[in-house]
Structures are given as C-alpha cells and as structure tokens.
C-alpha cells in the first residue's frame with residue numbers, strides 16, 4: 008500500500024481509490040490510515056503505532072519525550088495514581104494521558120479484595136497444616152472424623168454485583184435495586200459436614216449468645232448426630248470458629264479437649280457427653 012502511495016505521488020485520496028480498484032475483495036484503507044502510515048514511517052521509522060521511541064526525541068501521542076517521561080515516572084512511582092491527578096499535575100489533557108499510557112502497554116487493573124492477615128498468621132497456618140498432616144499419617148481416617156462446621160449470615164441487602172447486573176433495553180429503563188433498607192433482618196445459618204454426611208442446614212438465632220449456642224450443642228447437634236452411624240461418631244473432632252472456642256473455654260475449663268486453630272496449645276480432657284474432641288479453627 009505504501010509503495011502504491013509513492014506511485015500516486017503521495018496523494019492519499021488517489022492511493023485509496025487506486026487500492027480499491029486493484030483489490031476490490033480486500034478491506035479498503037481510509038485516507039487517514041494512509042496518511043498516518045506515511046507520518047509514522049517518516050517520523051518514527053516504523054509502521055507500528057506503538058514503536059519504542061524513548062530515545063528518539065520525536066513527538067509521541069501528542070507529547071515529546073521530555074513531556075512524556077514525567078508522566079511515566081509518576082505512574083511508576085505511584086501505580087494507583089488517577090488520570091485526573093496526572094492531567095492536573097502535568098497540565099495535559101485526559102485523552103493525551105490515556106493515549107500515552109496505552110502506548111506504553113499500561114492498563115488500569117482493578118484491586119482484588121482479600122482477608123487481612125497478621126505477620127505471624129503464615130507460621131500459625133503452617134503449624135496447623137503440619138499438625139493435621141501428622142494426625143492423618145498416624146490415623147488414616149482422622150480427617151474423615153472431623154465435623155467441619157460454619158455459619159453464614161444472609162441479610163436482606165445481600166450482595167449486589169454492579170459489574171455483571173444489567174438490563175437490556177432500547178431506552179434506559181432507570182432500573183433500581185433497593186439497598187440499605189430501613190427494616191433490616193438476617194438469617195444465621197449453620198451447617199456441618201462429617202465424612203460423607205451433611206448436617207443441617209439449621210437456622211440459629213440472629214444474635215447468637217453463648218447460652219443459645221450451648222442449647223444448640225446439647226439439643227440440636229445431638230439430634231443431627233443420631234442419624235449418623237455410631238462408627239462415624241466415635242473419636243469425632245468438632246471444628247468450630249474462634250468465637251465459639253472462646254465461649255467454650257470460659258464455660259468448660261478442663262472439660263473440653265480443644266485444638267486451638269493455628270496455636271500450639273491443647274486442653275487435656277474432653278467433654279463427657281460427646282465421644283470426641285473439639286477442633287477449633289480461626290478465621291483470623
């Protein structure tokens with residue numbers, strides 16, 4: 008195409024027409040495409056719009072190297088800086104800054120939320136995993152005798168995904184999704200897994216106290232265990248969260264046999280009404 012541009016005496020409009028006449032089945036380049044190609048070859052020495060021009064001093068994205076380097080240096084120092092701040096600090100335009108960042112292969116990636124951890128959490132988790140593997144190596148059925156439990160709170164607001172929730176329409180329907188209701192309620196749901204057996208789900212009280220949790224252990228949990236074969240219950244370990252462990256520790260000193268999740272200390276005895284032990288893990 009560029010050879011044809013020279014044959015047409017560097018006339019972009021004539022080149023576009025001649026290209027369409029010779030190659031009717033191909034995609035026909037626009038006049039501006041031909042002009043930009045000529046401009047890149049003359050000024051940059053490359054047909055690619057993203058050529059590396061750090062040392063040429065030739066204008067790029069409407070900016071010279073002297074103008075572009077401070078912007079790139081600012082982004083390198085503070086990757087979370089906004090384009091609005093760059094425009095304000097560098098006295099440039101939004102389109103010019105965005106064009107420069109795209110030319111440099113920079114994209115505004117979003118953050119991923121995760122649980123906040125403490126500096127010593129890694130060591131505690133490794134210790135817990137090593138202890139669990141040691142128990143499993145000693146007793147091949149150890150993990151199968153752990154009653155894994157958890158609770159989840161389902162509120163009226165729920166979780167609304169703004170990114171994936173949409174409504175197709177030819178005109179804007181002004182759709183709304185009510186949030187932050189004045190009348191609030193939630194459901195506190197408990198469930199457990201013991202080997203191949205699913206226990207629950209069971210609706211706990213919205214505000215769970217130590218006494219109500221004790222009622223759950225003595226009355227509800229025992230009913231769930233009645234439906235499980237005796238062989239699966241013998242030597243059972245009961246895994247529960249940190250808050251439940253704190254309550255049980257205060258109420259049954261020397262009566263529970265607990266493994267405190269990610270901590271290397273044990274209580275020596277077990278609760279007599281259950282033929283097993285209590286394994287406590289922590290979400291922190």
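In my numbering, the protein residues as written are 8 to 291. All residues carry an ideal CB built from backbone N, CA and C; glycine is no exception. Remember, predicted model here, so these are calculated numbers, not experimental data.
- The Cβ atoms of residue 12 and residue 45 sit closer than 8 Å to each other.
- Taking the C-beta atoms as reference points, residue 195 is found nearer than 8 Å to residue 210.
- Partner residues in the beta bridge of residue 196, as assigned by DSSP, are 159, 210.
- For the set 20, 108, 183, 120, the Cα lying nearest the Cα of residue 39 is the one of 20.
- Burial check for residue 99: the Cβ neighbour count within 10 Å reaches 16 or more, so the residue is buried.
- DSSP places residue 107 within a helical segment (H, G or I) once states are collapsed to three.
- For residue 80, the enclosing alpha helix (DSSP H) starts and ends at 72 to 84.
- Contact annotation: residue 156 and residue 199 have beta-carbon atoms nearer than 8 Å.
- In the DSSP assignment, residue 229 falls within the alpha helix (DSSP H) that extends over 229 to 233.
- Counting only the Cα atoms, residue 126 lies some 38 Å from residue 239.
- Within the same chain, and ignoring the five residues on either side of residue 180 in sequence, the residues whose Cβ sits closer than 8 Å to its Cβ are 174.
- Under the three-state reduction of DSSP, residue 44 is assigned to helix.
- Look at residue 215 here: in three-state DSSP terms it is coil, with no helix or strand label.
- Across the set 106, 115, 164, 220, the C-alpha of 115 shows the shortest separation from the C-alpha of residue 86.
- Of the candidates 14, 208, 151, the residue whose Cα lies closest to the Cα of residue 160 is 208.
- Under the three-state reduction of DSSP output, residue 124 falls in the coil class, being neither helix nor strand.
- Selection 109, 113, 163, 96 evaluated against residue 184 yields 163 as nearest (Cα-Cα).
- Going by beta carbons, residue 154 and residue 245 fall inside the 8 Å limit.
- Counted as a single uninterrupted DSSP element, the alpha helix (DSSP H) harbouring residue 94 occupies residues 90 to 97.
- DSSP places residue 201 in the strand class (E or B) of the three-state scheme.
- Cβ atoms of residue 106 and residue 96 stay farther apart than 8 Å, at about 17 Å.
- Only buried fits residue 70, as 16 or more other CB atoms lie within 10 angstroms of its CB.
- Here residue 118 is exposed. Its C-beta has fewer than 16 other C-beta atoms within 10 Å.
- Annotation for residue 231: 206 place their beta carbon closer than 6 Å to its own, counting only its chain and skipping 5 residues before and after.
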